[in-house]
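Number of protein chains: 2
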Amino acid sequence: MAGSGARSNTSSKGAGKKGTGKRGTGEKSERILDVAEELFALHGYDGVTMRQISTGAKVDVALANYHFGKKLDLFYAVFNRRAESLSNTRRELLRENEKKLKKGQTQTLEQIIEAFLLPLKFAQESRDPGWKNYMALLAYVMTSPVWNEQLMKENFDKRVGEFIEALKKVFPKAKDEEIHWCYHYMSGALALTFAQTGRIDRLSGGKCLSSDFDAAYTRMIPFVAAGFREVCG
Amino acid sequence: MAGSGARSNTSSKGAGKKGTGKRGTGEKSERILDVAEELFALHGYDGVTMRQISTGAKVDVALANYHFGKKLDLFYAVFNRRAESLSNTRRELLRENEKKLKKGQTQTLEQIIEAFLLPLKFAQESRDPGWKNYMALLAYVMTSPVWNEQLMKENFDKRVGEFIEALKKVFPKAKDEEIHWCYHYMSGALALTFAQTGRIDRLSGGKCLSSDFDAAYTRMIPFVAAGFREVCG
DNA sequence: TTGATAATTCAACGTTTGTTGAATATAGTA
DNA sequence: TACTATATTCAACAAACGTTGAATTATCAA
């Protein structure tokens with residue numbers, strides 16, 4: 001019989017491939033991921049049906065199941081696809097900064113923040129418009145009480161730990177609570193920016209644009225840095 | 234025939250009552266609202282079924298429809314219930330501050346921010362645990378690209394406009410863009426706090442608690458104020 | 001070309017969904 | 001009491017849901 005492919009028995013992620021053919025790497029597979037990414041970012045996990053995804057990707061409903069397993073596995077696949085590359089870029093920038101330093105020197109606060117934000121700016125300005133959708137999906141996950149733990153923990157928390165360690169070196173006298181709350185504020189500012197709700201467009205009468213991440217980025221650094229210094233300095 | 238009550242023909246909000254009896258004010262009605270509030274805040278609009286709500290409220294499935302109309306109308310009813318009281322408290326605190334001023338004086342930045350945050354702190358610390366759920370629901374709406382406009386516009390944008398006007402008086406030389414972006418950062422920090430995702434608990438190893446809005450609140454004021462001064466001052 | 005494997009579509013399944021008409025119970029008035 | 005409007009439950013509907021077995025097509029090495 002045929003079609004005995006990637007059907008996940010219970011809820012495994014990897015979709016056990018057999019020999020040569022890698023699942024989820026074909027043309028249609030990527031179209032499915034792209035459409036799912038956009039829709040999940042806009043309407044959340046429960047607000048999207050498999051039929052909406054397959055219709056948008058111009059494939060049969062069953063194909064998404066064949067390649068990715070259950071709907072939940074597809075959601076994970078969408079989230080994981082860009083998570084690693086994002087986290088890696090972030091690590092590289094942070095270590096690059098560290099290498100540039102002479103012995104005994106520590107990074108400036110602005111450098112640390114910049115290293116944290118820059119990859120996100122790159123993502124937003126990338127040619128691939130999917131990155132914008134992914135950032136919106138990230139905002140959805142970051143602010144969701146149910147997804148946050150299972151998705152952020154595995155993919156991003158470790159890198160954030162490094163980021164916070166670097167901050168502690170800048171503010172050696174600060175309490176841990178102060179640093180963590182300040183990071184929390186920055187994280188919230190970021191998440192709302194990613195979400196691209198269009199609210200700032202409305203409130204500002206068009207003078208600010210949700211889509212203009214460059215404007216958000218350049219002002220966020222001094223804003224956050226000043227906040228850190230006030231609370232932790 | 235019976236049961237010809239509050240059935241909304243198309244999608245009207247008010248649920249046209251007939252004479253004396255007010256819909257949605259009984260004991261079970263409020264239980265429905267409370268449960269719906271909690272579930273919507275946790276799982277979003279699409280992540281909650283009418284049956285989950287009615288089960289949680291220990292009533293029949295049909296009762297929610299009878300009192301509130303369609304599911305969408307119930308969602309609106311939940312959101313609107315506490316929106317007005319929140320916005321009013323905020324206005325009162327802002328005007329109280331203004332009255333205390335002598336002629337020619339303007340409010341300090343901290344006072345303005347405090348007037349904006351205080352009602353939210355009250356809400357969080359209220360005896361009614363429903364307020365915490367509502368703040369999480371607010372975070373969901375604030376960060377959602379699809380709900381933001383239709384719900385925030387009607388209920389909160391006007392008050393935010395007043396808040397921003399007060400800020401402009403503190404920073405008369407600042408550009409509108411700068412003030413709006415700073416407000417945006419503050420708004421994001423707030424939203425993530427409301428969401429209570431538990432992430433700060435995890436990252437800080439339990440030293441900070443998502444539920445501890447008081448800790449978030451006291452540090453947010455100096456953090457945000459310093460950021461405003463850096464960017465707009 | 002043949003044969004095997006992967007990719008894709010087709011058709012259908014058992015559930016669950018929001019919603020509603022009718023039946024019953026409750027409360028209040030005359 | 002009887003009457004009336006409201007509140008609540010019961011039972012069921014059509015539609016949409018995620019998922020899957022089987023059939024069909026494409027791919028590619030031998």
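Protein chains in written order, with this note's numbering: chain A, 1 to 233; chain B, 234 to 466. All residues carry an ideal CB built from backbone N, CA and C; glycine is no exception.
Apart from the five residues on each side of it in sequence, which residues of its chain come closer than 7 Å, Cβ to Cβ, to residue i?
| i | result |
| --- | --- |
| Asn148 (chain A) | Val141 and Met142 |
| Ile113 (chain A) | Ile221, Val224 and Ala225 |
| Ser443 (chain B) | Gln429, Thr430, Gly431, Ile433 and Asp434 |
| Gly460 (chain B) | Cys415 and Tyr418 |
| Pro119 (chain A) | Leu86, Thr89, Arg90 and Leu93 |
| Lys336 (chain B) | none |
| Leu266 (chain B) | Ala310, Val311 and Arg314 |
Between which residues of its own chain and residue i is the CB-CB distance below 8 Å, once the five residues before and five after are set aside?
| i | result |
| --- | --- |
| Gln344 (chain B) | Asn330 |
| Ala189 (chain A) | Met220, Phe223 and Val224 |
| Ser187 (chain A) | Met142 |
| Leu192 (chain A) | Ala139 |
| Gly3 (chain A) | Reliability of the predicted coordinates at Gly3 (chain A) is poor, the pLDDT of 34 falling under 50, and the value obtained from them is presented with this limitation in mind. Counting only Cβ-Cβ distances below 8 Å, and skipping sequence neighbours, we find Tyr66. |
| Pro129 (chain A) | none |
| Val160 (chain A) | Tyr183 |
| Gly254 (chain B) | Any reading at Gly254 (chain B) must be qualified, since the residue scores a pLDDT of 46, below 50, and its modelled position is unreliable; no value is offered. |
| Arg229 (chain A) | Leu109 |
| Glu358 (chain B) | Phe446 and Asp447 |
| Ile101 (chain A) | According to the sequence displayed, residue 101 (chain A) carries Leu and not Ile. Contacts found: Gln107. |
Determine the contact status of residue i and residue j, defining contact as a CB-CB distance below 8 Å.
| i | j | result |
| --- | --- | --- |
| His276 (chain B) | Ile200 (chain A) | no |
| Cys208 (chain A) | Trp414 (chain B) | yes |
| Leu350 (chain B) | Tyr450 (chain B) | yes |
| Arg81 (chain A) | Ala57 (chain A) | no |
| Thr341 (chain B) | Lys402 (chain B) | no |
| Phe427 (chain B) | Lys354 (chain B) | no |
| Leu326 (chain B) | Ala356 (chain B) | no |
| Cys232 (chain A) | Phe163 (chain A) | no |
| Leu74 (chain A) | Ala36 (chain A) | yes |
| Phe312 (chain B) | Leu384 (chain B) | yes |
| Lys332 (chain B) | Val292 (chain B) | no |
Using a C-beta to C-beta distance shorter than 9 Å, which residues of chain B count as neighbours of residue i?
| i | result |
| --- | --- |
| Trp131 (chain A) | Neighbours of Trp131 (chain A) on chain B: none; closest Cβ ~16 Å, over 9 Å. |
| Asp157 (chain A) | Arg432, Arg435 and Leu436 |
| Ala51 (chain A) | In the sequence as presented, Ala is not what sits at residue 51 (chain A); that position holds Arg. In chain order: nothing, as chain B lies at least about 14 Å away. |
| Arg82 (chain A) | By Cβ distance, chain B contributes nothing, its closest Cβ being about 19 Å from Arg82 (chain A), past 9 Å. |
What does residue i touch in chain A if you count any residue whose Cβ is under 7 Å from its own?
| i | result |
| --- | --- |
| Asp306 (chain B) | Near Asp306 (chain B) there are no residues of chain A at all, since even the closest Cβ is about 18 Å away, more than 7 Å. |
| Ala269 (chain B) | Under the 7 Å cutoff, chain A gives no residues; its nearest Cβ is about 15 Å from Ala269 (chain B). |
| Asp293 (chain B) | What Asp293 (chain B) touches in chain A: nothing, since even the nearest Cβ is about 24 Å away. |
| Arg360 (chain B) | In chain order: nothing, as chain A lies at least about 22 Å away. |
Using a cut-off of 7 Å between C-beta atoms, extract the partners of residue i located in chain B.
| i | result |
| --- | --- |
| Asn148 (chain A) | Thr430, Gly431 and Arg432 |
| Thr143 (chain A) | Ala372, Thr376, Ala424, Leu425, Ala428 and Thr430 |
| Lys207 (chain A) | Asp409, Glu410 and His413 |
| Val160 (chain A) | Leu436 |
| His67 (chain A) | Within 7 Å Cβ-Cβ: nothing; His67 (chain A) doesn't reach chain B, min ~24 Å. |
For residue i, return the contacting residues in chain B, with the cut-off set at a CB-CB distance below 8 Å.
| i | result |
| --- | --- |
| Ala215 (chain A) | Glu410 and Trp414 |
| Ala136 (chain A) | Pro378 |
Anything in chain A within Cβ reach of residue i, meaning under 9 Å, just list it in chain order.
| i | result |
| --- | --- |
| Gly280 (chain B) | Gly44, Tyr45, Asp46, Gly47 and Val146 |
| Glu263 (chain B) | Under the 9 Å cutoff, chain A gives no residues; its nearest Cβ is about 23 Å from Glu263 (chain B). |
| Lys386 (chain B) | Arg199 and Arg202 |
| Ser420 (chain B) | Gly188, Ala189, Leu192, Arg199 and Ile200 |
| Pro455 (chain B) | Gly227, Glu230 and Val231 |
| Arg324 (chain B) | Per Cβ cutoff of 9 Å: no residues; Arg324 (chain B) is ~17 Å from chain A at best. |
By Cβ distance below 6 Å, which residues in the same chain neighbour residue i in space, the five residues on each side in sequence not counted?
| i | result |
| --- | --- |
| Glu38 (chain A) | Asn133 |
| Ala83 (chain A) | Asn155 |
| Glu165 (chain A) | none |
| Val281 (chain B) | Leu272 and Phe273 |
Note down, in chain order, every chain A residue with its Cβ under 8 Å from the Cβ of residue i.
| i | result |
| --- | --- |
| Arg328 (chain B) | Neighbours of Arg328 (chain B) on chain A: none; closest Cβ ~21 Å, over 8 Å. |
- Query: Does the count of Cβ pairs from the segment 155–164 of chain A and the segment 85–100 of chain A closer than 8 Å reach three?
  - Reply: yes
- Task: Could you say if the segment 287–299 of chain B and the segment 359–371 of chain B meet the contact criterion of at least three C-beta pairs nearer than 8 Å?
- Result: no
- Message: Quick test of the definition: if touching needs 3 or more C-beta pairs under 8 Å, does the segment 433–441 of chain B touch the segment 177–184 of chain A?
- Response: yes
- Query: Is the number of C-beta pairs between the segment 43–57 of chain A and the segment 284–292 of chain B that are closer than 8 Å three or more?
  - Reply: no
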